[in-house]
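Novice: Sharing a structure with you now.
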Amino acid sequence: MTATDGSSTDSSLTAEELATQPACWRRAAALVETSAAALPRVGERVAVVGCGTSWFMAQSYAALREGAGLGETDAFAASEFPYGRRYDRVLAITRSGTTTEVLALLERLRGSVPSTAITGDPATPVMSAADRVVVLDFADERSVVQTRFATTALALLRAHLESQGPAAPGVGTLAQAAADAERAVAEPLPPTVLTVDQISFLGSGWTNGLALEAGLKMREAARFWTEAYPAMEYRHGPIAIAAPGRATWMFGSLPAGLAEDVARTGGLLVADSGTSGLDPMADLVRVQRLAVALAAARGLDPDNPRSLTRSVQL
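Residues in the sequence shown are numbered from 35 upward in steps of one, following our numbering.
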């Protein structure tokens, strides 16, 4: 069920698990020192891989690492890894540790490229498939839909980047992100977004991966029509779907002129993050809450979305 203030009265696992993210992020940050040997070193050329949500977190991390000047970093869906390229390390993000594409990639790279996996389950094949493993079992989930594991993996990687040098311009600290996430969990959702029939999520740089994940979460949990684009690409066609009753949701600072362009369509603009608002990762928590609220309002089970399983095993 959904309360009139936009808060969820649903008792779903997803709702319970996503609310623990601030604590999970802080716990991940505390693991940086003991995990550092397994994570990318300054100057390494790194490929980060995953599937679905994990791939989007890989994209965000890759942009953060390159933006901080710590080394070339690419992100790929595990099934699309370019085996002809040379990397100093491959980093795999896999909640279940059983995903077929990730395990096949790690097996193929064994002995030729150092590999690290970040996983939520220490009793799965990835423990032996990767050379090194970082286990975030405290962030694992019972829900099929990923929320806290994905963001906790990114939190660990953000904290590790902070330990290696200054962040890219405009990127806040993980400590501030965790504080903002507490607000995102507690404050009512914007009432205007509870009644729209479509949302386009936008990001730029490291927040583009968050925008992609936001769109996926809404589709998975609530079967809701969403799309996601790099912010500057939105005006190159996709803005044509903006209209009254639809929303454009920006992660991070708005490009100049975009607010005016959206206003002319009659659509709703949601842009709470950036220099004066929530950290973009905390803003993603709001989308997760919205997905659960809309699923409840539609009589859907956000924990067990149609046609999905916890892990794709082929």
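Just so you know, even glycine gets a beta-carbon here, dropped at the ideal spot from N, CA and C.
Using a Cβ-Cβ cutoff of less than 6 Å, which residues in the same chain neighbour Gly101 once the five nearest sequence positions on both sides are dropped?
Specialist: Closer than 6 Å at the Cβ level, and outside the excluded window around Gly101, lie Ala202.
Novice: Please tell me whether Gly131 and Thr158 are closer than 7 Å, where the distance is taken between their beta carbons.
Specialist: Yes, Cβ-Cβ distance for Gly131 and Thr158 is below 7 Å.
Novice: Check each candidate in Gln180, Trp240, Phe172, Phe235 and name the one with the smallest Cα separation from Trp259.
Specialist: Among Gln180, Trp240, Phe172, Phe235, the Cα nearest to that of Trp259 belongs to Phe235.
Novice: Would you give the residue range spanned by the alpha helix (DSSP H) that Leu328 belongs to?
Specialist: Taken as a continuous stretch (DSSP letters only), the alpha helix (DSSP H) holding Leu328 covers 314–331.
Novice: Whose CA, out of Arg119, Arg323, Arg192, lies closest to the CA of Arg99?
Specialist: Considering only alpha carbons, the answer is Arg192.
Novice: Taking the beta strand (DSSP E) that Ser234 belongs to, which residues open and close that run?
Specialist: Element bounds for Ser234: 232–237.
Novice: Have a look at the DSSP bridge pairing and note the partners of Thr153.
Specialist: In DSSP, Thr153 forms a bridge with Thr128, Val169.
Novice: Go ahead and label Gln347 buried or exposed: buried means 16 or more other beta carbons lie within 10 angstroms of its beta carbon, across all protein chains shown.
Specialist: Looking at its Cβ environment, which holds fewer than 16 other Cβ atoms inside 10 Å, Gln347 is exposed.
Novice: Considering only the beta carbon of each residue, do Ala336 and Thr48 sit closer than 7 Å?
Specialist: Reading off the sequence shown, one finds Pro at residue 336, where the question assumed Ala. Closer than 7 Å, so yes.
Novice: Should Asp171 and Ser149 be called a contact, given that it needs their Cβ atoms to be closer than 7 Å?
Specialist: No, the Cβ-Cβ distance between Asp171 and Ser149 is not below 7 Å.
Novice: What is the rounded straight-line gap between the Cα of Leu125 and the Cα of His194?
Specialist: Taking the straight line from one Cα to the other gives about 14 Å.
Novice: Can you tell me the Cα-Cα spacing of Ala218 and Gln210, whole angstroms?
Specialist: Distance between the alpha carbons of Ala218 and Gln210: 12 Å.
Novice: Could you check the C-alpha separation between Leu73 and Gly301 for me, to the nearest Å?
Specialist: Near 43 Å, if we compare the C-alpha coordinates of Gly301 and Leu73.
Novice: Confirm, please, whether the CB-CB distance from Ser94 to Gly243 is below 7 Å.
Specialist: In this structure, Ser94 lies closer than 7 Å to Gly243 by Cβ.
Novice: Pull up the CB-CB distance for Met266 and Pro289, whole angstroms please, since I reckon it's below 8 Å.
Specialist: Between Pro289 and Met266 the Cβ distance is about 6 Å, and since that is below 8 Å, they are a contact.
Novice: What is the rounded straight-line gap between the Cα of Gly237 and the Cα of Val179?
Specialist: Cα to Cα, the separation comes out at about 22 Å.
Novice: What residue from Leu208, Trp89, Gly204 has the CA that sits closest to Ala112's CA?
Specialist: Ala112 has its Cα closest to that of Trp89, out of Leu208, Trp89, Gly204.
Novice: Determine the contact status of Thr226 and Phe285, defining contact as a CB-CB distance below 7 Å.
Specialist: No, they are not a contact pair.
Novice: Check Val83 in the structure and name its three-state DSSP category.
Specialist: Strand, per DSSP.
Novice: If contacts are defined as beta-carbon pairs under 8 Å, then Ile152 and Leu190 qualify, I think. What distance do you get, rounded to the angstrom?
Specialist: With a Cβ gap of about 7 Å, Ile152 and Leu190 count as contacting.
Novice: Pick from Val147, Trp59, Val168, Val83: whose alpha carbon is nearest that of Glu135?
Specialist: Per the Cα distances, Val83.
Novice: I'd like to check one pair, Ala248 with Val321: are the Cβ atoms closer than 7 Å?
Specialist: It is a contact, given that the beta carbons lie within the stated cut-off.
Novice: Counting along the chain, where does the alpha helix (DSSP H) carrying Leu244 start and finish?
Specialist: From DSSP, the alpha helix (DSSP H) with Leu244 extends over 241–256.
Novice: Are Ala212 and Arg61 closer than 7 Å when you measure CB to CB?
Specialist: Contact: no.
Novice: Would you tell me roughly how many angstroms separate the C-alpha atoms of Leu57 and Ala215, rounded to the nearest one?
Specialist: For clarity, residue 57 is Ala in the given sequence; the question names Leu instead. If you take the alpha carbons of Ala57 and Ala215, they lie about 9 Å apart.
Novice: Applying the criterion that 16 or more other CB atoms from any shown protein chain within 10 Å of the CB defines a buried residue, is Ser146 buried or exposed?
Specialist: Per the 10 Å Cβ criterion, exposed.
Novice: Along the chain, which unbroken stretches of the alpha helix (DSSP H) at least 4 residues long are found entirely within the region 158–233?
Specialist: DSSP runs (the alpha helix (DSSP H)) wholly in the region 158–233: 160–163, 182–198, 208–220.
Novice: Let me make sure I understand the geometry here. Which of Val66, Phe110, Ala245 has the alpha-carbon closest to that of Val80?
Specialist: Checking every option, the nearest Cα to that of Val80 belongs to Phe110.
Novice: Pro222: which of Ala331, Arg323, Thr68, Val230 sits nearest, CA to CA?
Specialist: Among Ala331, Arg323, Thr68, Val230, the Cα nearest to that of Pro222 is on Arg323.
Novice: Can you check which of these residues, Pro339, Ala63, Ala262, is closest to Thr207 by C-alpha distance?
Specialist: For Thr207, the nearest C-alpha among the options comes from Ala63.
Novice: Could you tell me the boundaries of the beta strand (DSSP E) in which Arg119 lies?
Specialist: Unbroken run through Arg119: none, as it is neither H nor E.
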